[in-house]
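> Before I ask anything, here is the structure I am working with.
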Amino acid sequence: MIASPLLAAPAPSLASVTFLNVDNGATVSSPVHLELAVKGYDVWPASEGVVPGTGHFHVIVDRASSEKLEEGDVIPFDATHLHYGKGQVSVDVPLTPGKHTLTLQFANALHESYGEAEREDISITVQ
Numbered sequence: 001m002i003a004s005p006l007l008a009a010p011a012p013s014l015a016s017v018t019f020l021n022v023d024n025g026a027t028v029s030s031p032v033h034l035e036l037a038v039k040g041y042d043v044w045p046a047s048e049g050v051v052p053g054t055g056h057f058h059v060i061v062d063r064a065s066s067e068k069l070e071e072g073d074v075i076p077f078d079a080t081h082l083h084y085g086k087g088q089v090s091v092d093v094p095l096t097p098g099k100h101t102l103t104l105q106f107a108n109a110l111h112e113s114y115g116e117a118e119r120e121d122i123s124i125t126v127q
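Read left to right, the sequence shown gives residues 1 to 127 (full-length UniProt numbering).
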């Protein structure tokens with residue numbers, strides 16, 4: 001199988017994403033302020049088009065366990081899939097009180113997921 005030139009991702013061991021300021025298990029207030037970081041890619045606005053080694057963040061609220069978002073899958077546009085296509089690395093996410101899972105996913109300008117290596121899940125409680 002030939003790799004897609006649109007995905008041209010670094011080796012999984014070199015790439016990762018993380019929530020910088022909120023740890024797994026944290027108790028937070030809404031809106032939840034998130035600082036986002038990626039290693040192995042450059043953050044670029046989606047309007048720049050597909051450029052190998054670049055992309056932007058998505059935060060998925062309460063991702064269904066059946067939603068795998070494999071490499072190349074397009075991230076849906078809906079109320080739970082938050083797209084930060086302007087290249088944002090600091091965002092505020094309004095959430096209802098209770099337990100939530102946040103998934104940070106990096107994707108290219110076409111909103112095609114870079115896969116599991118560029119994804120992080122955390123569980124939080126909103127007061």
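Backbone N, C-alpha and C define an ideal beta-carbon position, used for all residues, glycine too. Note that the coordinates shown come from a computational prediction; the quantities given were computed from them, not determined experimentally.
In three-state DSSP terms, what is residue 37?
As a first step, residue 37 must be located in the sequence shown, where it is residue number 37. Residue 37 falls in the strand class under three-state DSSP.
> Please classify residue 46 as buried or exposed, where buried requires at least 16 neighbouring CB atoms within 10 angstroms.
Within the sequence shown, the letter at position 46 stands for residue 46. Buried, by the Cβ-count rule.
> DSSP has residue 92 in a bridge; who is on the other side?
If you number the sequence shown from 1, residue 92 lands on position 92. In DSSP, residue 92 forms a bridge with 33.
> Just the C-alpha distance for residue 122 and residue 23, rounded to the nearest angstrom, thanks.
One-based indexing of the sequence shown puts residue 122 at position 122. One-based indexing of the sequence shown puts residue 23 at position 23. Their backbone Cα atoms lie some 7 Å apart in a straight line.
> Start and end of the beta strand (DSSP E) containing residue 120?
Your numbering for residue 120 matches position 120 in the sequence shown. Unbroken beta strand (DSSP E) run through residue 120: 119-126.
> Is it buried or exposed for residue 104, if we count other Cβ within 10 angstroms and need 16 for buried?
Here residue 104 corresponds to residue number 104 of the sequence shown, with the count starting at 1. That one is buried.
> Can you tell me whether residue 14 is buried or exposed? The criterion is at least 16 other CB atoms within 10 Å of its CB, across all chains shown.
Position 14 of the sequence shown, counted from the first residue, corresponds to residue 14. Exposed, since its Cβ has fewer than 16 Cβ neighbours within 10 Å.
> Could you tell me the distance, in whole angstroms, from the CA atom of residue 94 to the CA atom of residue 73?
What you label residue 94 is simply residue 94 of the sequence shown in a count that begins at 1. What you label residue 73 is simply residue 73 of the sequence shown in a count that begins at 1. So the two alpha carbons sit approximately 26 Å from each other.
> Closer than 6 Å by C-beta to residue 35: which residues in its own chain qualify, once you throw out the five before and the five after it? Chain order, please.
For this step, residue 35 is matched to residue 35 along the sequence shown. For residue 35, where only same-chain residues beyond five positions count, the Cβ hits under 6 Å are 20, 21, 90.
> Taking the C-alpha atoms as reference points, what is the distance between residue 48 and residue 109?
Numbered from its first residue, the sequence shown carries residue 48 at position 48. Numbered from its first residue, the sequence shown carries residue 109 at position 109. Going from the Cα of residue 48 to the Cα of residue 109 covers about 7 Å.
> Quick one: what's got a C-beta closer than 8 Å to residue 100's C-beta in the same chain, skipping five residues either side?
Within the sequence shown, numbered from 1, the residue matching residue 100 stands at position 100. Here the set comprises 61, 62, 123, 124, 125, 126.
> Applying the criterion that 16 or more other CB atoms from any shown protein chain within 10 Å of the CB defines a buried residue, is residue 116 buried or exposed?
Looking up residue 116 in the sequence shown gives position 116. Under this definition residue 116 is an exposed residue.
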